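Asker:
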Amino acid sequence: MAFVAEPGPVELESIKSKVAIVGVGESEHSAASGRALDQMLFAAIDAALADAGLSPRDVDGLMFSGQSVGQMTVARFRAHYGLSHEIWESGAGGAFSFAATAPHAAYEAMASGKASVIINLHGTDWASQNAADSGGPATAHLAEAIKSNAEVPFGFIPQPVYFAHVARRHFEQYGTTPEQLGAIAVASRRHANGHPGAVMRHKTLSLDQYLAREPFIDPLRIEDCCLISDGACAYVMTTADRARDFPKPPVIVEGVGYAGAIEGIHFAMEPEFASTPHRMSAPGAFAMAGLTPADVDVLAVYDPFTIVALMAIEDLGFCPKGEAGRFVEGDRLAFDRGRAKGGLPFNTHGGMLSHAYLLGINHVVELVRQLRGEAANQVRDAQVAVYGGFSGVDAGTLVMRRG
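Counting the sequence shown from 1 gives a position; the numbering used here is that position plus 814.
1. Name the residue from Gly1202, Ser882, Tyr895, Ala1001 whose alpha carbon lies nearest to the alpha carbon of Ala906.
2. Using CA atoms only, rank isn't needed, just tell me which of Gly1069, Val1122, Ala1154, Asp1145 is closest to Ser828.
3. Which first and last residues belong to the beta strand (DSSP E) in which Gly1098 is found?
4. I need the DSSP call for Gly1144, collapsed to helix, strand or coil.
5. Kindly give me the distance between the Cβ atoms of Gly1144 and Leu1124, rounded to whole angstroms, as I take these residues to be in contact under 8 Å.
6. Which runs of the beta strand (DSSP E) fall wholly inside the region 881–934 and span at least 3 residues, in chain order?
7. In three-state DSSP terms, what is Met815?
8. Determine, using beta carbons only, whether Asp1208 comes closer than 8 Å to chain D.
9. Rounded to whole angstroms, what's the CA-CA distance from Arg1186 to Pro967? Just pull it up for me.
10. Would the beta-carbon of Val838 fall within 8 Å of that of Tyr1049?
11. Measuring straight from C-alpha to C-alpha, what distance separates Met815 and Leu897?
12. So who's on the other strand from His936, going by DSSP bridges?
13. What residue from Ala889, Leu1172, Val1122, Asp1109 has the CA that sits closest to Ala1196's CA?
14. Pick out whichever of Gly880, Ala1209, Ser869 has its Cα sitting closest to the Cα of Ala1075.
15. Work out the CA separation of Tyr895 and Phe1087 for me, nearest whole Å.
16. Cβ of Gly875 within 8 Å of Cβ of Ile835?
Right, dumping it as structure tokens:
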């Protein structure tokens, strides 16, 4: 199906236990590097194919973001690898919410005989673009007519301004504190410190250090904001009944959910200002999987800001609305202590706050490695994982289990 960000949840046909992720890969992630986007995308593809024990000629499906400039196309894929065979392609993949919903669109292609081995991928070169004073995440917002005329003239841009307002509303409505946002930033940095591919792996952060930093858009501090990165990730999908033919343990897709925000990217008009569309995408995904949030061993959410991560935790159902601040306190998000403290291992690679700003597809790669038992910050006996994807305009929820 083509996912369109219309308000509310979308009813999806069940694909429970029908799709497997059999390979994951990533390029080097970094600050501004000068690397071409294609160079990073092909590095991620090569790594994912090697992980799956495949060659490029085995691929007959390609998914990428049709909304992001410069993403992969079948023509460039064929030219790079010297291929000529038929390859199904879809712009309904990539990152954001679509890193969660790509398996659903992929299964429709596999069930109809259009493809059997499908790669979903996404890359960014925004760090290098920003270094040249062009591009970056604010570009799409500035180009959107209503935003540029009704929000920008009042200084309601860029994203840190939006989410500082959201955080302040959450503080006033639910009693959330800077220390609680800080707990997310500190946990993310600790996980990045233990991950060999994280951009911030050599830069530690304590809660005292976080609190000592003055807010730059009150109440947000620098550490509440995600990185801007260069890099790419990819994952390989096939039908679950073929999954045992691959060298690595398969990860099985159990549930997918999708929902659009009420007012899309016009944050000033959003009636549920201190919430995310996860509240509408998660119930369908868990129902499809036949699971509940209590069954989840490790969680990764799209985290452009700590406040978005905090809201996602409660909107996905891991605690009642307004109680995520208490849920994340201390080390309740730690990969090695979270569950014992009544929390949940969270963004165990460091997330977009400290691993890399790959718009969430790196989160799916991390969860696959967790369910295989090969993650850098391995959660003990991880069986079920959830990715909460977000773009502002919509949300996707992906539930996976160890195969």
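Glycine is no exception: its CB is placed at the ideal position from the N, C-alpha and C atoms. Note that the structure is predicted; figures quoted are calculated from it, not measured.
Answerer: Taking the geometry as given:
1. The shortest C-alpha separation from Ala906 is found at Ser882.
2. Shortest Cα-Cα distance from Ser828 to any of Gly1069, Val1122, Ala1154, Asp1145 involves Gly1069.
3. Here Gly1098 belongs to no beta strand (DSSP E); instead the alpha helix (DSSP H) covers 1092–1103.
4. coil
5. That pair is no contact at about 14 Å.
6. 902–904
7. Only weak support exists for where Met815 lies, its pLDDT of 49 falling under 50; the coordinates are left without a value.
8. In the structure shown, chain D cannot be found, because there is only a single protein chain.
9. 49 Å
10. Cβ atoms of Val838 and Tyr1049: closer than 8 Å.
11. Here the model assigns Met815 a pLDDT of 49, short of 50, so the residue's position is not dependable, and the following value carries that caveat. Distance between the alpha carbons of Met815 and Leu897 is about 27 Å.
12. Cys1047
13. Asp1109
14. Nearest of Gly880, Ala1209, Ser869 to Ala1075, Cα basis: Ala1209.
15. 47 Å
16. For Gly875 and Ile835, no; Cβs fall outside 8 Å.
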